[in-house]
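Have a look at the structure below, then the notes.
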Amino acid sequence: MPSILQRAKAALTARDNGALNRERATVDLDAKLLQQVRPYSLASAKKLGNLKRLAASTTERSIEGDFVECGTYKGGSAAVLGSALTPGRHLWLYDSFEGMPEVKEIDGADAGEWVGRLRASDDDVREILTLVGLSPSQYTIRKGWFDHTFLQQLPERVAVLHCDADWHASVTVVLETFYPRVAEGGVVVLDDFGWWEGCREAFYDFCARHGEKPLLERVDCDQAYWIKGKTNNRTGQD
Ligand SMILES: C[S@@+](CC[C@H](N)C(=O)[O-])C[C@H]1O[C@@H](n2cnc3c(N)ncnc32)[C@H](O)[C@@H]1O
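Mapping to this note's numbering: the sequence shown position 11 is 126, numbers consecutive.
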């Protein structure tokens with residue numbers, strides 16, 4: 116039977132390991148990849164590095180499924196996901212490429228300024244995916260509003276869902292459509308949790324509707340992520 120002192124020491128060690136592990140969440144993206152994707156992404160190096168780490172972790176943990184990104188813009192974060200693709204996985208990319216859609220009050224006071232901004236082209240996306248070494252057979256670009264493109268054939272199983280769609284309505288339809296397809300142990304990344312009020316509200320509304328209580332982790336000022344089905348950090352791993 117361990118003494119109180121031994122148990123306290125073990126608890127402290129576990130806590131320190133957890134802290135070390137959270138440090139690891141900020142691993143740098145490979146310098147060449149970062150240089151390549153920088154002109155094609157709005158996301159910080161820290162968030163892109165974490166996205167890559169999480170995508171790679173699904174392979175290390177043998178989680179089945181494809182990688183999905185909703186909100187692709189010029190394709191920078193998509194290319195980071197693509198750089199972690201392994202044989203058998205496919206990359207699905209969804210965007211209207213027509214700029215940010217209309218907002219509602221729930222999206223917050225500053226959101227309206229962004230309506231119509233962030234126009235891009237699916238050619239930008241193809242360009243950066245080619246640059247990082249992907250072939251067209253490895254990815255599908257679904258161009259159009261989510262309400263329409265989500266009605267087309269969807270990936271059966273999802274290992275990584277990267278939701279970078281900012282507004283309440285967009286984040287809601289992404290979670291409602293893809294969350295049931297995320298495998299146990301798969302990762303959901305919300306890019307805008309700490310930035311746009313509508314994204315945060317959409318997350319909490321979704322959780323309330325479905326009785327979900329995700330173990331939410333944070334990186335940088337805005338990214339949030341969780342691993343489906345994970346209930347604690349006692350193993351010090353994610
Ligand atoms: C912040 S940008 C994505 C940034 C990108 N992931 C990067 O690496 O920089 C958000 C994108 O979401 C797209 N978007 C938002 N709501 C959408 C909707 N309902 N349907 C289609 N695209 C949408 C916009 O067109 C925009 O390109």
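Heads up, the beta-carbon is just placed ideally off N, CA and C, and yes, glycines get one too.
Because the structure is a prediction, the values reported are computed rather than measured.
Problem set entry | Nonlocal neighbours in the same chain, by C-beta distance under 6 Å from Leu233, ignoring five residues either side | Tyr188, Gly214 and Met215
For this session: Between the Cα of Ala193 and those of Lys343, Trp341, Tyr209 and Thr174, spot the shortest distance and give me the residue it belongs to.
Result: Tyr209
Exercise. Do Ser285 and ligand 1 come close, with the Cβ less than 7 Å from some heavy atom?
Worked result: For ligand 1, at least one heavy atom lies less than 7 Å from the Cβ of Ser285.
For this session: For Ala224, count neighbouring C-beta atoms within 10 Å of its own C-beta (all shown protein chains included) and say buried if the count is 16 or more, exposed if not.
Result: exposed
Exercise. Is any heavy atom of ligand 1 found at a distance shorter than 7 Å from the C-beta of Tyr188?
Worked result: yes
For this session: With a cut-off of 8 Å on the beta carbons, I'd call Gly344 and Gly180 a contact; round off their distance for me.
Result: Not really, about 13 Å apart at Cβ, beyond 8 Å.
Problem set entry | Closest by C-alpha distance to Gly351, when choosing among Glu217, Glu332 and Arg296 | Glu332
Problem set entry | Assumed close pair Gly197, Leu249 - CB separation to whole angstroms, cut-off 8 Å | About 5 Å separates the two Cβ atoms, so the contact holds.
For this session: Using 7 Å as the cut-off, classify the Cβ of Ser216 as near or not near the heavy atoms of ligand 1, replying yes or no.
Result: First, the amino acid is wrong: residue 216 is Pro here, not Ser. At least one heavy atom of ligand 1 is nearer than 7 Å to the Cβ of Pro216, so yes.
Exercise. Would the C-beta of Phe318 count as close to ligand 1, meaning under 7 Å from any of its heavy atoms?
Worked result: No; taking the cut-off as 7 Å, the Cβ of Phe318 has no heavy atom of ligand 1 nearer than that.
Exercise. Is it right to say Ser285 is buried, meaning 16 or more other beta carbons lie within 10 angstroms of its own, or is it exposed?
Worked result: Buried.
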